[in-house]
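Enquirer: Residue numbers (the numbering used here): 97 to 386. Note that beta-carbon positions come from the ideal geometry of N, C-alpha and C, so glycine has one too.
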Ligand code: ATP
Ligand code: MN
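Written out as structure tokens, the structure is:
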């Protein structure tokens, strides 16, 4: 078996091009995650995790996996959680780079954690607004939307952070002290999204079901529910060009052109040259959901 050892983990078929012909290989993906792990792990570790696995590469059939299996690797951990049907099941989490790389060996491209930690999965500690612009919406409108959410959160006493999704949009994330239930967090987010829509009904929409979104930004507040995930900062996306979800400083978002502005190559360069975490301070903020 030909293998490449990355961070102590054997990666088989490292030469396999997983983003289409001429694109990054499985070995490149492993090397990428090893290189960015120090930036990525603070947001990812010790949270129930869904991964997007693509055994045929990003152009083939990919699937979300949330349940643990021994075969994922010795450092891919399990946490037992209650499921909707009253049963319980083992979910995945990782707490180090070896766990990340073992998941890469199992053809993981994307990492999607919960907004709660494994030691208390019923008590979320961060909320998220996912801004999904319809086709043709100008980037500056997406930037304005993220800033409006930031201002409203700030008025509620919550400092927030922003990342590009690696796709079309931006995600605004706010940490808070554990305590409120998922239901309370969801209600808070729904009400904030509704206020935004009430003020600018031609720019924003907050209903997932509405088909008519032309020219508008869908403010997805529904990620704030038990079991929902969102992509973590520094995660690759299983999409053409190997884009990356990137944590940003608020000043940076106006300079981008899309949510997919960072690809693997640019992200690697950023990981090497960054002096401070763009989300510096997120772990030590002591703020409460109103
Ligand atoms: P974009 O900017 O292109 O919208 P995104 O990451 O925000 O990128 P969405 O389709 O808006 O993508 O999805 C938001 C989040 O919902 C994802 O980051 C992912 O964690 C979760 N999600 C999406 N589809 C699924 C799915 N089929 N199963 C589980 N979780 C999903
Ligand atoms: Mn989105």
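(1) Per DSSP, residue 182 is paired with what?
(2) Would you be able to state if there are at least three C-beta pairs under 8 angstroms between the stretch 242 to 257 and the stretch 188 to 208?
(3) Between residue 106 and residue 167, what straight-line distance do the alpha-carbon atoms span, to the nearest angstrom?
(4) Going by C-alpha to C-alpha distance, which of 162, 311, 170, 99 sits closest to residue 178?
(5) Which one or two residues does DSSP pair with residue 142 in a beta bridge?
(6) So, helix, strand or coil for residue 369, using DSSP?
(7) Taking 8 angstroms as the line, does the beta carbon of residue 208 fall inside it for any heavy atom of the ligand MN?
(8) Any idea what DSSP makes of residue 303, helix, strand or coil?
(9) Considering only residues of the stretch 239 to 290, which uninterrupted beta strand (DSSP E) runs meet the minimum length of 3 residues and lie entirely inside it, listed in chain order?
(10) Using only the alpha-carbon positions, how far apart do residue 322 and residue 175 sit?
(11) Over what stretch of residues does the alpha helix (DSSP H) that includes residue 102 continue unbroken?
(12) List in chain order the residues whose CB is within less than 5 angstroms of at least one heavy atom of the ligand MN.
(13) When the Cα atoms are used, what is the spatial distance from residue 124 to residue 214?
Expert: Let's see:
(1) Residue mapping note: residue 182 aligns to position 86 of the chain shown, counting from 1. None, per the DSSP bridge assignment.
(2) no
(3) The residue you call residue 106 lines up with position 10 of the chain shown. The residue you call residue 167 lines up with position 71 of the chain shown. Residue 106 and residue 167: Cα-Cα distance of roughly 14 angstroms.
(4) Residue 178 sits at position 82 when you count from the first residue of the chain shown. Taking only the C-alpha atoms, the option nearest residue 178 is 162.
(5) Working through the chain shown from its first residue, we reach residue 142 at position 46. According to DSSP, which records beta bridges pairwise, residue 142 is partnered with nothing at all.
(6) Residue numbering aside, residue 369 sits at position 273 when the chain shown is read from its first letter. In this structure, residue 369 counts as helix in the three-state DSSP scheme.
(7) Counted from its first residue, the chain shown places residue 208 at position 112. Because no heavy atom of the ligand MN lies under 8 angstroms away, the Cβ of residue 208 does not count as near it: no.
(8) Taking the chain shown and counting its residues from 1, one reaches residue 303 at position 207. Of the three classes helix, strand and coil, the one that applies to residue 303 here is coil, per DSSP.
(9) 257 to 260, 266 to 271
(10) For this step, residue 322 is matched to residue 226 along the chain shown. For this step, residue 175 is matched to residue 79 along the chain shown. About 15 angstroms.
(11) Numbered from its first residue, the chain shown carries residue 102 at position 6. Run containing residue 102: none in the alpha helix (DSSP H); it sits in the beta strand (DSSP E), 99 to 102.
(12) 226, 228, 265
(13) Working through the chain shown from its first residue, we reach residue 124 at position 28. Working through the chain shown from its first residue, we reach residue 214 at position 118. Residue 124 and residue 214: Cα-Cα distance of roughly 30 angstroms.
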